[in-house]
Amino acid sequence: MQMKLELVPVPVADVERSIEFYVGKLGFTKDVDVQPAEGVRIVQVTAEGSGCSIGFGTGLDVYRGEPGTIRGLHLVVEDIAEARAELVRRGVEVSEVHEFGGGVKGAEFADPDGNSFELQEMEWRRGETF
C-alpha cells in the first residue's frame, strides 16, 4: 500500500505573522488560505519541491495545540551553507552549521512561535538523488 504524508499541522498563535514568516522569510508557497466557516481559517504553505505542506489556522481541533511545541521538523537541502546564508539574508536566525557525521550536516532555526526546524544536508543526496 502506498501512502504519502501531505500535511503536518503546526500550532501558531498568529496566522498573519506565520504567513509572513513561512512565505515572506522562508520562501514557501501559500497554497491554501480559506475561511470556510465563521471562526475557521485554514492555511497551507509548502516549501519548493516538497510533497508535504505545513498547515496552520484557527477554529479546528487540529490547530489547537500549544504554539511552539513542534520540534525538529526537517527541511532537507542540497547545500546547507547556501541555504543557511539565504535564510540569514532574509532575516531568519539560523544556528551555525554542525556536522553529525556520516556526511550529515544540520543547522537549526525556529518560527516566531518557537516551533523548531532542522535544515539538513546529506552528502549522498545531490543532483538527481536530491
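Take the sequence shown: its letter number 20 is residue 21 in our numbering, and every next letter is one higher.
No residue lacks a Cβ here, since even glycine has one placed at the ideal position from N, Cα and C.
All values reported here derive from a predicted model rather than from experimental measurement.
| Item | Value |
| --- | --- |
| Separation of Leu61 from Gly92, as counted between CA atoms | 31 Å |
| Of the residues Ala86, Thr30 and Ala14, the one placed nearest Tyr64, counting alpha carbons only | Ala14 |
| For Gly26, three-class secondary structure by DSSP | For the sequence presented, residue 26 should be read as Lys rather than Gly. The answer is helix: DSSP assigns Lys26 an H, G or I state. |
| Contact set for Ile81: own chain, Cβ-Cβ below 8 Å, skip 5 residues either direction | Val98, Lys106, Gly107, Ala108, Leu120, Gln121 and Glu122 |
| Three CB pairs or more closer than 8 Å across the region 69–84 and the region 32–40 | no |
| Whole-angstrom C-beta distance between Gly56 and Pro12, which should lie under 8 Å | Pro12 to Gly56, Cβ: 10 Å. No contact. |
| Segment limits, beta strand (DSSP E) that includes Arg65 | Here Arg65 belongs to no beta strand (DSSP E), and DSSP marks it neither H nor E. |
| For Pro68 and Asp114, the rounded distance between their alpha carbons | 6 Å |
| Under 8 Å between C-beta atoms of Gln45 and Ser51 | no |
| Val11 in three-state terms, based on DSSP | coil |
| Beta-ladder partner(s) of Asp34, from DSSP | Val44 |
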